[in-house]
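Student: Residues in the first sequence are numbered from 69 upward in steps of one, following the numbering used here.
We put the CB at the ideal spot given by N, CA and C, even for glycine.
One structure is given below, represented as structure tokens, and several questions about it will come after.
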Amino acid sequence: MMTENFEATSMRDLLCGSVDLTVTGERVSVCGWVAKRREHGEHLAFLDLRDHSGVVQAVVDGSVDVRSEYVLRITGTVSLRPEGTVNERLSTGEVELTDCEVEVLSAAEPPPFQIDERSDVDEQVRLKFRYIDVRRDKMQRNLRLRAKVNATLRRAMERQGFCEVETPLLWAPTPEGAREFVVPSRLHPGEFYVLPQSPQIAKQLLMVGGFDRYFQIARCLRDEDLRADRQFEFTQLDVEASFVTQDDIFAFVSEAVLDAAEAATGERPGPISTMTWADALDRYGTDKPDLRFAMDLHDLSSVFSTTQVKAFTAPTVKGLRVPGGAEFTRSRLDALTDQAKGLGAKGLAWFRVTNDGLDSPLARFLSAEEAAAIRGLDDANVGDLILVVADEYVAACKVLGALRLSIGAPPVSEGPHHYVWITEFPLFEGVDENGDLVSAHHPFTMPHLDDLDLIDSDPLQVRSQSYDLVLNGWELGSGSVRIHRADIQSRIFSALGISDEEAQSRFGFLLGAFKYGAPPHAGFAVGIDRLVAIFAGEDNIREVIAFPKTQSGTDLMSGAPKDITARQIRDLRLTFAPKV
RNA sequence: GGACCUGUGGUGCAGCUCGGAGUGCACGCCGCCCUGUCAAGGCGGAGGUCGCGGGUUCAAAUCCCGUCAGGUCCGCCA
Numbered sequence: 069m070m071t072e073n074f075e076a077t078s079m080r081d082l083l084c085g086s087v088d089l090t091v092t093g094e095r096v097s098v099c100g101w102v103a104k105r106r107e108h109g110e111h112l113a114f115l116d117l118r119d120h121s122g123v124v125q126a127v128v129d130g131s132v133d134v135r136s137e138y139v140l141r142i143t144g145t146v147s148l149r150p151e152g153t154v155n156e157r158l159s160t161g162e163v164e165l166t167d168c169e170v171e172v173l174s175a176a177e178p179p180p181f182q183i184d185e186r187s188d189v190d191e192q193v194r195l196k197f198r199y200i201d202v203r204r205d206k207m208q209r210n211l212r213l214r215a216k217v218n219a220t221l222r223r224a225m226e227r228q229g230f231c232e233v234e235t236p237l238l239w240a241p242t243p244e245g246a247r248e249f250v251v252p253s254r255l256h257p258g259e260f261y262v263l264p265q266s267p268q269i270a271k272q273l274l275m276v277g278g279f280d281r282y283f284q285i286a287r288c289l290r291d292e293d294l295r296a297d298r299q300f301e302f303t304q305l306d307v308e309a310s311f312v313t314q315d316d317i318f319a320f321v322s323e324a325v326l327d328a329a330e331a332a333t334g335e336r337p338g339p340i341s342t343m344t345w346a347d348a349l350d351r352y353g354t355d356k357p358d359l360r361f362a363m364d365l366h367d368l369s370s371v372f373s374t375t376q377v378k379a380f381t382a383p384t385v386k387g388l389r390v391p392g393g394a395e396f397t398r399s400r401l402d403a404l405t406d407q408a409k410g411l412g413a414k415g416l417a418w419f420r421v422t423n424d425g426l427d428s429p430l431a432r433f434l435s436a437e438e439a440a441a442i443r444g445l446d447d448a449n450v451g452d453l454i455l456v457v458a459d460e461y462v463a464a465c466k467v468l469g470a471l472r473l474s475i476g477a478p479p480v481s482e483g484p485h486h487y488v489w490i491t492e493f494p495l496f497e498g499v500d501e502n503g504d505l506v507s508a509h510h511p512f513t514m515p516h517l518d519d520l521d522l523i524d525s526d527p528l529q530v531r532s533q534s535y536d537l538v539l540n541g542w543e544l545g546s547g548s549v550r551i552h553r554a555d556i557q558s559r560i561f562s563a564l565g566i567s568d569e570e571a572q573s574r575f576g577f578l579l580g581a582f583k584y585g586a587p588p589h590a591g592f593a594v595g596i597d598r599l600v601a602i603f604a605g606e607d608n609i610r611e612v613i614a615f616p617k618t619q620s621g622t623d624l625m626s627g628a629p630k631d632i633t634a635r636q637i638r639d640l641r642l643t644f645a646p647k648v
């Protein structure tokens with residue numbers, strides 16, 4: 069149906085998918101690619117003409133010589149199909165174009181793979197011919213979904229009074245955190261720009277500059293190894309606001325993300341709940357819990373505190389109930405044990421819950437109390453399996469958390485969308501080889517004000533005012549309340565082993581700016597690639613990126629990365645060490 | 001840096017365990033036939049460095065070693 073006039077151009081009247089009963093009898097022009105040609109001898113042939121909106125059938129003379137993927141302009145009369153020839157699977161299936169004039173706008177060789185979705189095509193081939201791949205319905209849907217999400221996020225931020233500011237792609241190196249992509253300077257040989265891992269510092273400077281509500285749909289670049297959910301370049305909804313608390317940020321970002329969810333799925337999720345980092349680790353063994361399914365971790369430490377069973381002699385003993393898991397074969401149990409060991413566990417104990425009690429190689433070593441605790445874990449039923457790991461607290465949680473996911477996590481395309489804010493991350497994640505503390509997030513993260521006194525006495529216990537947004541086990545983004553007070557910032561730098569001089573040379577322009585009136589501020593960044601991938605039901609963000617890189621960082625279509633010319637090398641005054 | 005998986009006409013797969021002629025299936029492509037198809041149908045045909053290199057063997061798509069490419073994961077991603 070012709071509801072939007074943007075379908076019409078100088079060459080066409082409407083999109084292929086819009087040719088329906090509402091335009092019956094009209095003479096119209098459509099443009100598109102030949103999806104299929106069905107010939108019935110000299111006097112009759114059917115052409116399916118495709119554009120992104122769909123397919124329309126044109127009835128032509130058999131002498132029209134066009135092949136798959138030819139680009140055509142067809143002018144014809146929209147006619148009701150003869151009785152009994154309606155195709156209910158097409159939106160245009162009640163009509164067809166008759167008395168057609170066919171104009172070949174572009175001939176085409178047969179494509180390297182079929183455009184229809186009848187068989188999967190190897191991703192290597194798809195990426196080499198990405199311009200053909202994106203003709204396919206799925207890629208059209210995914211990229212258009214992405215555009216809708218972008219537009220919705222932008223609208224939501226603007227509605228909330230946020231101002232979009234573009235920050236530089238050529239920025240100063242800040243050797244900390246992710247490896248940066250480096251850009252040599254021609255006008256200043258031997259000196260370099262870097263591409264931003266995020267607009268973090270720029271947006272904090274905008275806070276000093278009085279843009280109290282900033283956002284940007286920002287490209288970020290990190291020269292780190294790629295994964296299914298990580299590309300060199302990715303896109304974030306980057307947000308920062310002044311005179312706010314964590315709760316304000318949650319409200320701003322929730323509004324935008326829930327708007328996007330509604331636009332993408334047709335349903336608006338309820339308000340996003342929060343969970344502390346400590347709870348997430350304790351209950352799900354991870355800082356990005358997948359809440360689509362239960363299988364919580366349960367603590368058994370107190371029961372096993374005086375155990376005689378060597379395998380369970382550890383600070384923490386935790387268990388996980390696998391509903392129906394008693395049916396697991398021995399080889400599956402062995403595989404789980406291998407997975408646990410691969411994650412650093414000393415071993416994995418398993419107990420089948422049977423009518424007679426517990427079935428396990430370890431069962432006969434348990435005391436009655438221990439057996440009862442395992443038998444009753446998480447209200448276990450006959451037919452369940454109980455997995456038990458004994459280790460240091462964090463290790464035990466993480467191992468069981470990983471097992472929980474590999475046993476229970478539904479595919480990305482399944483299940484409800486379950487958002488959660490994870491709060492109160494630790495400020496420091498550990499100690500480096502020099503004995504200096506390491507930031508969990510970044511060095512501008514505000515500590516929890518109740519924990520300020522712990523910075524010197526017990527720094528690893530210091531909670532921060534930082535937070536992640538998690539959706540179905542994927543980290544969608546993270547943010548924090550930033551430090552705007554010089555005294556706290558200098559305490560953090562000193563805990564991190566960053567001297568005043570070093571802080572000045574690395575972050576001098578930020579610290580300098582803060583001397584001129586820094587408002588309290590906080591922010592967040594939402595990973596749009598991941599958000600759209602989950603909306604699209606894809607387990608790989610390449611499926612929602614037009615021209616992604618392979619896992620080794622190459623572009624199979626353009627051949628990048630490539631040599632540059634001798635002239636470019638000379639201009640940049642580059643010399644190269646021999647390849648090792 | 002590491003572990004595992006994959007690589008066979010244009011596309012997708014089978015063949016590999018247990019070596020015996022490039023064998024098979026589906027789609028596509030080309031030609032002919034076909035006036036209501038829409039996963040059109042019928043007949044015929046073309047199309048191959050079994051990723052690449054080496055080794056074992058009378059003989060290698062198949063076994064072994066190496067290498068390249070793609071993927072999943074670990075490390076890494078303040």
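Around the Cβ of Tyr-199, are there at least 16 other Cβ atoms within 10 angstroms (buried) or fewer (exposed)?
Tutor: Exposed.
Student: Could you tell me the alpha carbon to alpha carbon distance between Ala-439 and Asp-526, rounded to whole angstroms?
Tutor: About 37 Å.
Student: If contacts are defined as beta-carbon pairs under 8 Å, then Arg-105 and Val-134 qualify, I think. What distance do you get, rounded to the angstrom?
Tutor: Going by Cβ atoms, the distance from Arg-105 to Val-134 rounds to 7 Å, so yes, they are a contact pair.
Student: Between the C-alpha atoms of Glu-543 and Trp-489, what's the straight-line distance to the nearest angstrom?
Tutor: So the alpha carbons of these two residues sit roughly 10 Å apart.
Student: Whole-angstrom Cβ separation of Ala-604 and Asn-155, contact assumed at under 8 Å?
Tutor: With a Cβ gap of about 27 Å, Ala-604 and Asn-155 do not count as contacting.
Student: Report buried or exposed for Phe-380, applying the criterion of at least 16 other Cβ atoms within 10 angstroms of its Cβ.
Tutor: Buried is the call here.
Student: I'd like the list of long-range same chain contacts for Phe-36, defined as Cβ closer than 6 Å, with 5 residues on each side in sequence excluded.
Tutor: The displayed coordinates of the chain run from 69 to 648. Any statement about residue 36 would go beyond what the structure contains.
Student: Just checking, does the segment 281-290 make contact with the segment 221-241 on the three C-beta pairs under 8 Å criterion?
Tutor: Yes, the segment 281-290 touches the segment 221-241.
Student: What are the residues that DSSP puts in a beta bridge with Arg-287?
Tutor: Note: Arg-287 sits in a beta bridge opposite Thr-303.
Student: Measure from the alpha carbon of Tyr-584 to the alpha carbon of each residue in Arg-553, Ser-567, Glu-611, Gly-595, then state which is nearest.
Tutor: Minimum Cα distance to Tyr-584 is reached at Arg-553.
Student: Exposed or buried, Met-363, counting other C-beta atoms within 10 Å across all chains shown (16 or more means buried)?
Tutor: Classification for Met-363: buried.
Student: Can you give me the Cβ contacts of Leu-365 inside the same chain, cut-off strictly under 8 Å, excluding the 5 residues immediately before and after it?
Tutor: Once the five neighbours on either side are set aside, the close Cβ partners of Leu-365 are Asp-350, Arg-351, Tyr-352, Gly-353, Lys-386, Gly-387, Leu-388, Cys-465, Leu-468, Gly-469, Arg-472.
Student: Since I believe Asp-639 is in contact with Arg-254 (beta carbons under 8 Å), could you give me their beta-carbon distance rounded to a whole number of angstroms?
Tutor: So it is a contact: roughly 5 Å between Cβ atoms.
Student: Whole-angstrom Cβ separation of Ala-508 and Phe-493, contact assumed at under 8 Å?
Tutor: That pair is a contact at about 5 Å.
Student: For Glu-435, name the three-state secondary structure that DSSP assigns.
Tutor: Reading the sequence as shown, one finds Ser at residue 435 and not Glu. The answer is coil: DSSP assigns Ser-435 none of H, G, I, E or B.
Student: When you compare the CB positions of Leu-453 and Gly-392, do they come within less than 9 Å of one another, or not?
Tutor: For Leu-453 and Gly-392, yes; Cβs fall inside 9 Å.
Student: Does DSSP classify Leu-495 as helix, strand or coil?
Tutor: Coil at Leu-495, not helix or strand.
Student: Can you name, in chain order, every residue of its own chain whose Cβ lies under 6 Å from the Cβ of Asp-119, other than the five neighbours on each side?
Tutor: Counting only Cβ-Cβ distances below 6 Å, and skipping sequence neighbours, we find Leu-83, Cys-84, Gly-100.
Student: Helix, strand or coil for Ile-490 per DSSP?
Tutor: Ile-490: strand per DSSP, three-state reduction.
Student: Taking just the CA atoms, how far does Asp-358 sit from Gly-580?
Tutor: So the two alpha carbons sit approximately 42 Å from each other.
Student: So, Pro-511 versus Leu-564, is the Cβ gap smaller than 9 Å?
Tutor: In this structure, Leu-564 lies closer than 9 Å to Pro-511 by Cβ.
Student: Return the chain-ordered ranges of every beta strand (DSSP E) run that is complete within the segment 515-591 and spans a minimum of 3 residues.
Tutor: Segments of the beta strand (DSSP E) lying fully in the segment 515-591: 534-539, 542-549.
Student: Would the beta-carbon of Phe-561 fall within 9 Å of that of Leu-273?
Tutor: It is not a contact, given that the beta carbons lie outside the stated cut-off.
Student: Give me whichever residues DSSP pairs with Lys-630 in a beta bridge.
Tutor: None; Lys-630 has no bridge partner.
Student: Helix, strand or coil for Gly-649? Go by DSSP, reduced to three states.
Tutor: This structure leaves residue 649 out entirely; the chain is present only between 69 and 648.
Student: Grab me the residues of Ile-523's own chain with a C-beta within less than 7 Å of its C-beta, minus the 5 sequence neighbours each way, in chain order.
Tutor: Correct list, in chain order: Pro-515, Val-530, Arg-559, Ala-563.
Student: Does Glu-482 pass the burial test, meaning 16 or more other C-beta atoms within 10 Å, or should it be called exposed?
Tutor: Per the 10 Å Cβ criterion, exposed.
Student: Please name the residue, chosen from Asp-280, Gln-533, Ala-328, Asp-555, that lies closest to Gly-547 on a Cα-to-Cα basis.
Tutor: Per the Cα distances, Gln-533.
Student: Rounded to the nearest angstrom, what separates Met-70 and Lys-216 at their Cα positions?
Tutor: Note on Met-70: pLDDT 45, under 50, position unreliable in the model; no value is reported.
Student: May I ask you to report which of helix, strand or coil DSSP gives Arg-638?
Tutor: In this structure, Arg-638 counts as helix in the three-state DSSP scheme.
Student: Check each candidate in Asp-327, Asp-81, Val-128, Ala-436 and name the one with the smallest Cα separation from Arg-227.
Tutor: Among Asp-327, Asp-81, Val-128, Ala-436, the Cα nearest to that of Arg-227 is on Asp-327.
Student: Report the three-state DSSP secondary structure of Met-70 (helix, strand or coil).
Tutor: Reliability fails at Met-70, whose pLDDT of 45 lies under 50, so the model's placement of it is uncertain and the value that follows must be treated cautiously. Met-70 falls in the coil class under three-state DSSP.
Student: Run through the DSSP bridge pairs and tell me what Val-457 is partnered with.
Tutor: According to DSSP, Val-457 bridges with Lys-386.
Student: Nearest to Ser-147 by alpha carbon, out of Ile-609, Asp-355, Val-96, Ser-131?
Tutor: For the residues Ile-609, Asp-355, Val-96, Ser-131, the minimum Cα distance to Ser-147 belongs to Val-96.
Student: By Cβ distance, which residues of its chain are closer than 8 Å to Met-625, with the 5 residues on each side in sequence left out?
Tutor: Hits under 8 Å: Leu-195, Lys-196, Phe-197, Arg-198, Tyr-199, Phe-615.
Student: What does Lys-104 pair with, by DSSP beta-bridge criteria?
Tutor: Answer by DSSP bridge pairing, in chain order: Asp-116.
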